[in-house]
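Peer 1: Heads up, the sequence shown is in the working numbering, so the first residue is 95 and it goes up one at a time.
For glycine and all other residues, C-beta sits at the position ideal for the given N, C-alpha and C.
These numbers come from a predicted model, not from an experiment.
Below is the structure I would like to discuss, written out as structure tokens.
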Amino acid sequence: SITSPIKSEDRRTISTMSAKQIITPALRAAVHVRSSKLSPELAKSAAAYLSSAPSGGKHALPDLSYDYAALEPVISAETMELHHSKHHNTYVTNLNVSLEKLDAAVSAGDVSGIISLQGALKFNGGGHLNHTLFWENLCAKGSSEFPTSGALKDAVDARFGDFDSMKKDFSALTIGVQGSGWGWLGYNTNTGSIEAATCANQDPLKATTGLVPLLGIDVWEHAYYVDYRNVRPNYVNAIFDVVNWKAVEERLVKAQG
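Structural data, given as structure tokens:
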């Protein structure tokens with residue numbers, strides 16, 4: 095099956111949704127959480143999760159701006175369809191279920207219930223966020239070209255020396271992820287430089303390290319097993335041929351302010 099192009103007004107991520115709309119469950123959260131025995135950190139977390147849902151109260155699987163077959167031969171249409179319509183969709187579904195349970199727990203003042211949901215919310219919320227960023231950072235092989243000048247090239251040269259050195263260091267970190275997780279290029283707002291980092295499972299980069307995500311490489315086996323079996327290095331090396339460097343640079347410029 096083929097997805098339809100994403101509309102520009104819909105191109106947003108879960109990380110910005112919380113700032114745009116506070117829905118009814120979040121307002122209830124603010125009332126109930128303040129009167130509960132929750133720690134300030136947990137109260138803030140519960141309210142933030144509930145306020146993250148977009149208009150309508152449900153997170154949705156994002157459309158792609160390209161067909162499932164657009165990334166071949168680097169990533170097959172079969173892998174793309176399974177990864178997007180099955181795996182990512184499962185994170186979205188489970189996130190919505192967890193948010194419904196959180197809403198009920200907050201409304202009932204069920205502190206134990208709220209605490210027990212934190213793992214599911216982090217895992218599925220992170221899975222939705224990470225994959226949304228991942229799709230936006232990919233493009234057809236013929237459209238992937240690292241810039242010869244500009245903010246991204248300057249940042250890469252300043253931190254790594256050149257593109258090849260960045261690719262080598264970033265790839266080594268990503269390939270070395272133990273088990274399942276992600277390799278990232280992120281922007282450090284304190285130092286004004288880009289850095290390579292990794293996160294386990296579906297842990298979001300910014301929440302885990304403070305780095306603003308620019309480019310993520312999914313190294314869960316479902317991202318590459320159909321095409322590369324268990325040879326992760328071949329997948330990581332190949333994916334650079336379908337990176338949307340324009341999108342990466344746009345994220346960098348935005349992070350730089």
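#1: In its own chain, which residues sit with a C-beta less than 7 Å from the C-beta of Gly275, not counting the 5 before and 5 after it?
#2: Rounded to a whole number of angstroms, what is the C-alpha to C-alpha distance between Phe228 and Gly310?
#3: Three or more beta-carbon pairs under 8 Å between the segment 189 to 203 and the segment 142 to 162, yes or no?
#4: With DSSP collapsed to three states, give me the class of Thr292.
#5: Three-state secondary structure (DSSP) at Ile117?
#6: Assuming Val200 is part of the alpha helix (DSSP H), what are its boundary residues?
#7: Check this for me: beta carbons of Ala317 and His182, under 8 Å apart or not?
#8: Could you give the uninterrupted runs of the beta strand (DSSP E) lying entirely in the segment 283 to 343, keeping only those of 3 residues or more?
#9: Taking Tyr281 and Leu305 to be in contact with their CB atoms under 8 Å, please state how far apart those CB atoms are, rounded to whole angstroms.
#10: So is Glu135 buried or exposed if we call it buried at 16+ other beta carbons inside 10 Å?
#11: Leu346: which of Phe334, Asn224, Val325, Leu279 sits nearest, CA to CA?
#12: Using DSSP bridges, identify the partner residues of Trp37.
#13: Do Ala349 and Ser287 have their C-beta atoms closer together than 8 Å?
#14: Work out the CA separation of Asp258 and Asn338 for me, nearest whole Å.
#15: How far does the alpha helix (DSSP H) with Asp248 in it reach, from first residue to last?
#16: Report all residues from its chain with a CB closer than 7 Å to the CB of Ser170; omit the five preceding and five following residues, and keep chain order.
#17: If you measure between the beta carbons of Thr268 and Gly277, is that distance less than 8 Å?
#18: Is the beta carbon of Asp251 sitting closer than 8 Å to the one on Ala290?
Peer 2: Well, looking at it:
#1: Counting from 1 along the sequence shown, the entry for residue 275 is found at position 181. Correct list, in chain order: Thr292, Cys293, Ala294, Asn295, Val313.
#2: Here residue 228 corresponds to residue number 134 of the sequence shown, with the count starting at 1. Here residue 310 corresponds to residue number 216 of the sequence shown, with the count starting at 1. Between Phe228 and Gly310, the C-alpha separation is close to 6 Å.
#3: Contact annotation: the segment 189 to 203 touches the segment 142 to 162, with at least three C-beta pairs closer than 8 Å.
#4: Start at 1 with the first residue of the sequence shown, and residue 292 comes out as number 198. Residue state, collapsed to three classes: strand.
#5: Here the question's residue 117 lines up with position 23 in the sequence shown. Unreliable placement is indicated for Ile117, whose pLDDT of 39 sits below 50; the coordinate value is still reported in the next sentence. Ile117: coil per DSSP, three-state reduction.
#6: What you label residue 200 is simply residue 106 of the sequence shown in a count that begins at 1. Per DSSP, the continuous alpha helix (DSSP H) segment holding Val200 begins and ends at 183 to 202.
#7: Taking the sequence shown and counting its residues from 1, one reaches residue 317 at position 223. Taking the sequence shown and counting its residues from 1, one reaches residue 182 at position 88. No; because the gap between Cβ atoms is not below 8 Å, this pair is not in contact.
#8: Listed in chain order, the complete beta strand (DSSP E) runs (minimum 3 residues) inside the segment 283 to 343 are 287 to 294, 306 to 312.
#9: Position 187 of the sequence shown, counting from 1, holds the residue named residue 281. Position 211 of the sequence shown, counting from 1, holds the residue named residue 305. Indeed they touch by this definition, with Cβ atoms about 6 Å apart.
#10: Within the sequence shown, residue 135 is the residue found at index 41, counting from 1. Glu135 should be labelled exposed.
#11: Working through the sequence shown from its first residue, we reach residue 346 at position 252. Answer by Cα proximity: Leu279.
#12: Beyond the ends of the chain as shown, which are 95 and 351, falls residue 37; an answer cannot be given.
#13: Here residue 349 is taken as the residue at index 255 of the sequence shown, counted from 1. Here residue 287 is taken as the residue at index 193 of the sequence shown, counted from 1. Inclusion of Ala349 and Ser287 in the CB contact set at 8 Å is not warranted, their separation being larger than that value.
#14: Working through the sequence shown from its first residue, we reach residue 338 at position 244. Working through the sequence shown from its first residue, we reach residue 258 at position 164. When rounded, the distance between both Cα atoms is 17 Å.
#15: What you label residue 248 is simply residue 154 of the sequence shown in a count that begins at 1. Note, Asp248: alpha helix (DSSP H), 245 to 254.
#16: The sequence position of residue 170 within the sequence shown is 76, counting from 1. Cβ-Cβ distances below 7 Å link Ser170 to Val320, Asp321 in the same chain, with the five nearest sequence neighbours on each side left out; the list follows chain order.
#17: The count along the sequence shown starts at 1 and reaches residue 268 at position 174. The count along the sequence shown starts at 1 and reaches residue 277 at position 183. Contact annotation: Thr268 and Gly277 have beta-carbon atoms nearer than 8 Å.
#18: The residue given as residue 251 occupies position 157 in the sequence shown. The residue given as residue 290 occupies position 196 in the sequence shown. Not a contact, by the Cβ cut-off of 8 Å.
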